[in-house]
Amino acid sequence: MNPVPAQREYFLDSIRAWLMLLGIPFHISLIYSSHTWHVNSAEPSLWLTLFNDFIHSFRMQVFFVISGYFSYMLFLRYPLKKWWKVRVERVGIPMLTAIPLLTLPQFIMLQYVKGKAESWPGLSLYDKYNTLAWELIS
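Be aware that the sequence shown starts at 1, since it is given in UniProt numbering, and climbs by one per residue.
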């Protein structure tokens, strides 16, 4: 692969920063939008629903495109084994650490808060996996 380091593309860091900042009004507007969320206002706002839908229409997709671009740049820079090692260290280990420490307790708490925990034992293994996987990636 190419051992010469490429110049950093700072505009992509800037885009990522702005998208992260957009996450704050996005999650706040979820409370007041007409979408069902963990906490909902008694009177939803049409304007905040539209604002929320607008941000949601592009924000995560752009994150994935930028992530793919950076992964490809690293793929060109490192041999395949080194690339996998770097990906596992930077993505895999934090993700596998966060699942039991953060995601599972939050998932279980939300099931109890929403009153959905009573139906959990009756779900098939596939339905349990599907529900948990959706919570992990959404």
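The beta carbon of each residue, even a glycine, is placed where N, CA and C say it ideally should be.
Nothing here was measured: the structure is a model prediction, and the numbers come from that model.
Asked, Found
"For the candidate residues K114, L48, P121 and V91, whose alpha-carbon lies nearest to that of S29?", "L48"
"Please give the ranges of any alpha helix (DSSP H) in the UniProt domain \"Acyltransferase 3\" (10-124), keeping only runs that are unbroken, at least 4 residues long and fully inside the region.", "10-32, 46-56, 59-77, 80-87, 93-98 and 104-113"
"Pull up the distance between the alpha-carbon of L22 and that of S14, whole angstroms please.", "12 Å"
"Can you give the Cα-Cα distance for A17 and K81, rounded to whole angstroms?", "30 Å"
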